[in-house]
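*Asks:* Can you keep this structure in mind? I'll have questions shortly.
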Amino acid sequence: MHLLLAQQGTISDGEEAIDLGQSPGDILFLSAADTELAAIAAACRAGEGAFSLRLANLMSLKHPMSVDTYIERTARHAKLIVVRALGGASYFHYALEALHAAAARNGALIAVLPGDAKPDAGLVPFSNVDLDDLNALWAYLIEGGDANARDFLAYASAMLSGAEKPAPAAPLMKAGIWWPGRGLIGVEEWRQSVACIPSSALEEGIPHSAEKVAVGPIVAISFYRALVQSGETGPIEALIAALAALSLRPLPVFAYSLKDPVSTGILESVFSALKPEVVINTTGFAVSAPGADREPTVLETNDAIVLQAILSASSREAWAVSSQGLSARDLGMNVALPEVDGRILARAVSFKTAARYDTAVEANIVASLPDAGRVRYTAELAANWARLRGTHANRRRIALVMANYPNRDGRLGNGVGLDTPAASIEVLRAMAGADYPVADVPADGDALIRHLMEGPTNSGHDGRVIREALSFSRYKDFLGSLPKKIQDEVTDRWGEPENDPYFRDGVFALPFARFGGVLVGIQPARGYNIDPKESYHSPDLVPPHGYIAFYAFLRHEFGADAVIHMGKHGNLEWLPGKALALSETCYPEAILGPLPHLYPFIVNDPGEGTQAKRRAAAVIIDHLTPPLTRAESYGPLKDLEALVDEYYEAAGGDPRRIRLLSRQILDLVTDIGLDQDAGIAKDESEGEALKKLDAYLCDLKEMQIRDGLHVFGVSPEGRLLTELTVALARVPRGLGEGGNASLQRAIAADARLSFPPAGEKGSRALRRPFDPLDCDMATLWIGPRPAILADILDAPWRSNGDTVERIELLAAKLVCGEMECPTLWSETRTVLDQIESCLKPSILACGPAEITSLLRGLDGRFVAPGPSGAPTRGRPDVLPTGRNFYSVDSRAVPTPAAYELGKKSAELLIRRYVQDHGEWPVSFGLTAWGTSNMRTGGDDIAQALALIGVKPLWDMSSRRVTGYEIISPAALGRPRVDVTLRISGFFRDAFPEQIALFDKAIRAVGALEEDVTDNPIAGRMRGETARLAAAGLDEKAAAKRAGYRIFGSKPGAYGAGLQALIDEKGWERRADLAEAYLVWGSYAYGAGEDGRAERGLLEERLRSVQAVIQNQDNREHDLLDSDDYYQFEGGMAAAAEQLAGARPAIYHNDHSRPERPLIRSLEEEIGRVVRARAVNPKWISGVMRHGYKGAAEIAATVDYLFAFAATTGAVGAHHFEAVYQAFVADPDVRGFMIERNPAAFDEMRERLREAIDRGLWTPRSNSARFDLAATQLNEVH
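Take 1 as the starting number for the sequence shown in the numbering used here and just add one per residue.
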C-alpha cells in the first residue's frame, strides 16, 4: 500500500525517480549485487531459454515512483518475479509490498529471497511460491558459479513450464586462494605463482617495474567469492600487481563471507600456514557485533594490521566531483561497520561503470574498474605497515607530534583531557624500554616543553635555536611532487615559500627536537594565525608552506617509519578534501602520505577520533578521561552554606537573629554576584531567595568536575581512583540491574531512605523511595536518618541535598574499603562486588593497556577495537582503554533510547521557553555535532525531530532507522516548532542519512494542511515559496529552497570560523564574529543537496530564531573546556542578534543523565561552571599537579569565558572578577603559573586586559586594572 507522504516517509527513497525503460519479460530477477546480475546475464547468454528474462538492480527501485513505473511498464506483465533483498524487508519495504500486490493482481509468481545466506522469516510473506521452490532458488544463488546460475534460470523456467527441474545447487568452495589465470590454487601452488606475476594482471597505470617478486612480506587480499564467480576480479588483479611492484608477496584469498564458519576455517588454515603481515580487506560489513564480547576475526590470525579497501558502489565520475567521497550505503557497509572489526580505512580502489548494455536482459552490466592512483596508495600504505613490522625496534624512526592551538607558546602540547607533555615522556620512556633508539629523554613534561621552546614555535621564530631545518631545494622538490592543483592552490594563497614565517636564512627552521632516533615536534599552525582578518573568509583555507615543509621533513629528511599524533586533536585530519575515500588532491593524503599513523585519543570523543581514522588512516589508541570528583564547597560558598544552615536552625527562634542572618547571607550573595547565578531577582521575597540559594549551593557542591588530567599510560591511584570509580558507578550501567545498578541508589534503597508524598502522612506502604540521582536538593528532608549516614558527616542534615552528600561520602568510603558494607545491605553489596571484580580492574588496566597497544601499533601489529563513549554516562564497556575505538552504525541513529531522551528534552525545553516568555515558541536554532550524536546515539537529531512533531521509524530486527512518522497536533498537544539545524562538518560527513531524514521530515511537515498556529513550519514554507516564486523562481525550485533547514560548513571544510578571530584579536565588534559564523556556515544540506551556498536563506532562518539550543551529553567536560561551544553556540547567538536586532534566548541543556535531562540558560550554565569548576581550589590544585599543561588549562578557561562574553554577553562582571581573584590575585596560583608556564600567565593577563578594553568587564577595583596593565612578569610578583 502507499504510505501518505504527509504522515509517513522513508529515508532510503532515491532522490530521483528512475524509469528503467524495460519492456515486459516473463521472468524478472532483481538483486542489489551487480556481480550476481552479471552472472545471471552470462548464464542467459549461454543458454536458450523458453522464457524472456529481465534483470534490474534493486537499488534502482528505492523511490516509490520508480517502483510504480517499473510495475506499470514491466513487472505487471511478468509470470515470475525473483527478488534478492539484501538488508531485509525494511530496506525495500515499499518495493516488496508493491511487487507482491502486482503479482497477486496478475496471477504471477513471486519469490523474495534473502540477499545473503542467512534465513529471513520477514521476507517469506512477500512470496507466493512453495517453500521448496523458494529454498531451491535461494540455494543456486548462495552457491553461485556458472553452473548454478544456469540451473537457477532452468529452475525458474521449470516453475513456469512444468518441465523437469534441474538437480539441486552444487556446492562450491566457500573460500580459498585465487590467482589470476589459474583460479583456485593451494598453498604450494601459490608459492610457485607468486614468483612470477603474469603481465595480464598489470593494469594500465600500475607500476610495471617488477615482474619478479622478491621474497618480501606477504600481504593478503581478502575479497568476496562473488568476484571470482562473476569474473569481476579487475580490482584484485590491480592490487596484486601494485603489491608486486613494491616487492611484496600478494596473497589473494576469497571467501563467501567472513561470518561463514566454513569460509573462515579455510582462511584460518591458509593464514596459519603463510602468516601474512598485512591484510587488505575488500569485504563489507563487520564480523563482530558492537557491544558484544569480541572474539578475534580470521583476518587477525597472524596479528596482522587490516586495511579496509573499498570497491565503491559509485562511479568514478561521481566520486571525483563528490565532497563526501562515498555514498551513505558505502559509508555504512564499507566504513562504519568494518571499523567495529578494527580495520584501518585505506581508499576506494575501484568504481562502478556500465561495462556494456545487454540487450537480451535489457540491463546495463556493471563492472568494477580499478583506479590506478587509489590502488597505488593502498599498496604503498600496506608496504609501509609491512616495513614497519619487519624493522627491528632499534632501527625504527618514529615521529611524535603535539598539537598547538591557539598558536601561542603558553599552549604547546595541547590535548583535551590529557597532560600531553607528560604523556609524551611516558611514551618515550616506554619506547626506550622496548629497545627503540631513544636518548636524552627529558626529566618530565615541563622539561620537554622548555627544550622545544628553545627552538622555533608557531608564535616565536627569531633568535631561537635552529635544530632541524629543511633546505629550500628539498622543499621545492617535495612541493613539486604534489599534484599541480595543490601546488597552485598553496602558491596562489600564500605566495612564494620564502614569505613563510618558518623560512629563515634560506631554510625552513622547523619546530622539532631529536631524542636519539625519535623526533618530537610541535604541529604547525593551519594558517589562520598568519592573516586572520583575511583568512576567516576561507573555510577551506589551504595550509601554508611551513606546514607542508614540516611534514616533508618528517617523511623524507628524517625518514619516519611511523608518526604518532599525541592527543585530541591536531589539524591534519581537518585539512580540505573529501570526507571519505580521499583523492591525491585531498590535503591530508598529500601531506601525510601513506605513512603508518597512530593517534592516542580520549575515549569519550568518537567523532573527532573517527575523523582521523577516516581521513588520515589513523589507528586510534584511546585513553582514559581525566579523573573526576565532586565539586564540594569552598571559600565563600562554604561560608554561605554554614550561614544558611545556621539560618534554618534558628528558624522559629529569635526573629532579630534570623533577620541578621538573612541580611548577612544576602549581602554576601550580592557581593560575590551569586544572586545573579542563582536566579534570585531583586524583588524576590527573603524566603524564596534563601530557598533558591540553598538549592543552588547544593547543586554546585554535587557537580562533577575534573581533578587534574590524564597521563597516557598511567592509571589513577588512591583518592583519584576512588573518586573516578564512584563517578562511574553513580549512574546505572547496561540494563541497570544487579551489580550494574547505581551505587548511590543501592545505598539509598538499603538504608531504607523513603518519605511520604508531599503533604501526606501515611503508612510505610505509601512511602516513596528516595532517588539521589533525581531529587530537589533544597527540599526539606523528612525521611529517616540512619546512623551510618548521620555519623559520616559532622554537619546539619536538613535537606535532600544533605542526604545526597552523605550518600556520596559513604559511597567513596565503601569503594576504597575505608568502611565495611553492612551485612544486610544486599543491593549495595552486589554493586560493590561488581565494582571490585569488573569496574575497578578495568580502570586500573587502562594505563598499562594504553602503552601496550601503542607499542603493538609501532610494531606493525593489530590493535584490538573497542567501543567509544562517555564512561560516566553508563558506558564502562569503553574500559579498559588502549583500544582502536569505533563509533556507531550511522544507519541506527537516532536510537529508540535517544529518541525518548530527545522527546523528553524537547518538551522540557518548550515548557521552559513558555515559562520564560509567556508564549509558545515558533522557531529554534539547534547545533548538531557528529561527535555527540555518535556518543549518544543521536540525542540532538532526536530532539530536533521531536520539536517539529516527528517520530523516527525503526526496523527493530536490524535497529536501523527506516523513516519517520508525523505526530498529529492532537497527539502532540502543542504547536510544532520550526528548527534550523547548524550541523558540524563531521556530522555532515558521518550522518548523511540523518540529514536526509530531518530534511524529508520537515519538508513533509511543511506540506501539511494544518493551521499556522499549530504548524508555523507550513505557514513559513508557504510564505517563503510564494516570495521566491514572485522573485522569478519556478515553483519547484522555490519550494525546495524554502524548505532548507540544515546548514553547515562549505563542502570539504570544517568549523564555525570564530576561533582565529578570537585568538588573534581579528575582530572589532560582535558583528564581525556574526559575519564569520555566517560565512562559514551558510551552506544548505538535505536529501540530495550536498552543500549549496545559501547565505540569504540562513540569514532568514536566524533572523526569526527565538532561542539558540546547545545540548551537552556528559559532565566529563564543560563549556569552558573547548572552543567548540562558543564558536557554534555563541556564533549562532551573535548572528541571530545582529540580524534581528535583539539577542535570542540561549539554552544550554544537560543530557548527562539520560533519564533526567535538564534545561538551563547559558547564563546559568556559565555561572555553574565558573563557581563549581573554574575558581574551585579543588580543580585548581588538580591542574597544578600538571605544571606547564595545568597552567595552560587555566589560561584556556579564561579564553573560553572571554569568547562567550564576546559572542553572547552572557558572562557577568562577577565571573571575570572571580577568575581574576582565583588566577591572578591569588599569590599561590600566580606564582605557580609564572614559574611553570609564564607564557600562559602572560596570555591570560592579556585576555583579561582585552575584556576590560572591549567593555566586557569593569573591574571592581583599580588595583585589578593596574595589576593587569603590568607589562613584565616581574611587575606582578
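The C-beta atom is built at its ideal place from N, Cα and C for all residues, glycine as well. Since the model is a prediction, treat every value here as computed from it, not as a measurement.
Spell out the partners DSSP gives Gln1110 in its beta bridges.
*Replies:* His1148
*Asks:* To the nearest angstrom, how far is the alpha carbon of Ser887 from that of Ala39?
*Replies:* The straight-line gap from Cα to Cα measures roughly 36 Å.
*Asks:* Given this structure, state the Cα-to-Cα distance separating Leu643 from Ile665, to the nearest angstrom.
*Replies:* 7 Å
*Asks:* DSSP state of Ala765, grouped into three classes?
*Replies:* Residue confidence for Ala765 is low, a pLDDT of 48 falling below 50, so the modelled location carries little weight; the figure read from the coordinates is stated next. Here Ala765 sits in helix by DSSP.
*Asks:* Between Ala304 and the rest of its own chain, which residues show a CB-CB distance below 7 Å, the 5 nearest in sequence each way excluded?
*Replies:* Pro276, Glu277, Val278, Val279 and Phe862
*Asks:* Measuring alpha carbon to alpha carbon, tell me which residue in Ile620, Ile602 and Pro576 is nearest Ile564.
*Replies:* The shortest C-alpha to C-alpha distance from Ile564 to any of Ile620, Ile602 and Pro576 is the one to Ile620.
*Asks:* Look at Ile1002 and Arg1045 and say whether their C-beta atoms are less than 8 Å apart.
*Replies:* yes
*Asks:* Whole angstroms is fine: what's the gap from Thr625's alpha carbon to Ser715's?
*Replies:* 10 Å
*Asks:* In angstroms, rounded to a whole number, what distance separates the CA positions of Thr491 and Ala422?
*Replies:* 38 Å
*Asks:* Just to confirm before moving on: does the CB-CB distance between Leu1139 and Ala1210 stay below 8 Å?
*Replies:* No, Cβ-Cβ distance for Leu1139 and Ala1210 is not below 8 Å.
*Asks:* Within the same chain, show all residues whose beta-carbon is closer than 6 Å to that of Gly1130, passing over the 5 residues directly before and after it, in chain order.
*Replies:* Phe1204, Thr1207 and Thr1208
*Asks:* Just to confirm my understanding: we take Pro867, look at its own chain, exclude 5 residues before and 5 after, and list those with CB closer than 8 Å. What are they?
*Replies:* Pro290, Gly291, Arg875, Asp877, Val878, Phe885 and Tyr886
*Asks:* Here's the rule: buried if 16 or more other CB atoms are within 10 angstroms of the residue's CB, otherwise exposed. What is Lys484?
*Replies:* exposed
*Asks:* If you draw a straight line from the alpha carbon of Leu519 to that of Ile843, how long is it in whole angstroms?
*Replies:* 31 Å
*Asks:* Would the stretch 419 to 433 and the stretch 702 to 712 be scored as touching if the rule is three or more Cβ pairs under 8 Å?
*Replies:* yes
*Asks:* Roughly how many angstroms lie between the CA atoms of Ser958 and Asp889, to the nearest whole one?
*Replies:* Cα to Cα, Ser958 sits roughly 11 Å from Asp889.
*Asks:* If we ignore side chains and look at the alpha-carbon of each, how far apart do Leu674 and Thr1258 end up?
*Replies:* 17 Å
*Asks:* Taking the beta carbon of Gly499 as the centre, do at least 16 other beta carbons fall within 10 Å, making it buried, or is it exposed?
*Replies:* Looking at the sequence shown, residue 499 is not Gly but Asn. The C-beta of Asn499 has fewer than 16 other C-beta atoms within 10 Å across all chains shown, which makes the residue exposed.
*Asks:* Give a yes or no on whether the C-beta atoms belonging to Ser222 and Val253 are separated by under 8 Å.
*Replies:* yes
*Asks:* By DSSP's criteria, Asn364 is part of a beta bridge. Which residues make up the other side?
*Replies:* Tyr357
*Asks:* Counting only the same chain and skipping the five closest in sequence on each side, list residues whose C-beta sits under 7 Å from that of Tyr551.
*Replies:* Ile591 and Leu592
*Asks:* So, do the stretch 393 to 401 and the stretch 227 to 242 have three or more beta carbon pairs nearer to each other than 8 Å?
*Replies:* Segments in contact, no.
*Asks:* With a cut-off of 8 Å, do at least 3 Cβ pairs link the stretch 33 to 51 to the stretch 222 to 231?
*Replies:* yes
*Asks:* The alpha helix (DSSP H) that contains Phe1232, what's its start and end?
*Replies:* According to the DSSP assignment, Phe1232 belongs to the alpha helix (DSSP H) that extends over Pro1227 to Arg1236.
*Asks:* Tell me the residue span of the beta strand (DSSP E) that contains His93.
*Replies:* Unbroken run through His93 is the alpha helix (DSSP H), His93 to Asn106; no beta strand (DSSP E).
*Asks:* Below 8 Å on the Cβ atoms is my contact criterion, and I expect Val977 with Val922 to pass it. Report the Cβ-Cβ distance as a whole number of Å.
*Replies:* 7 Å
*Asks:* Taking its Cβ as the centre, do 16 or more other Cβ atoms sit within 10 Å of Arg191, making it buried, or is it exposed?
*Replies:* With fewer than 16 Cβ atoms within 10 Å of its Cβ, Arg191 is classed as exposed.
*Asks:* Could you compute how far the alpha carbon of Phe1266 sits from the alpha carbon of Gly325?
*Replies:* 56 Å
*Asks:* Here's the rule: buried if 16 or more other CB atoms are within 10 angstroms of the residue's CB, otherwise exposed. What is Ala1037?
*Replies:* exposed
*Asks:* Look at the alpha carbon of Ile1278 and the alpha carbon of Gly162, and state the distance between them as a whole number of angstroms.
*Replies:* Outside the displayed range of the chain (1 to 1277) lies residue 1278, so it cannot be described from this structure.
*Asks:* Please return the same chain residues whose Cβ sits closer than 8 Å to the Cβ of Pro865, not counting the five positions on each side in sequence.
*Replies:* Ser288, Arg294, Glu339, Val340, Asp341, Gly342, Arg883, Asn884, Phe885 and Tyr886
*Asks:* Just to confirm before moving on: does the CB-CB distance between Arg504 and Glu573 stay below 8 Å?
*Replies:* no
*Asks:* Return helix, strand or coil for Met956, following the three-state DSSP convention.
*Replies:* coil
*Asks:* Report buried or exposed for Asp1123, applying the criterion of at least 16 other Cβ atoms within 10 angstroms of its Cβ.
*Replies:* buried
*Asks:* If you measure between the beta carbons of Leu981 and Ala944, is that distance less than 8 Å?
*Replies:* yes
*Asks:* Which word fits His545, buried or exposed, when buried means at least 16 other C-beta atoms lie within 10 angstroms of its C-beta?
*Replies:* buried
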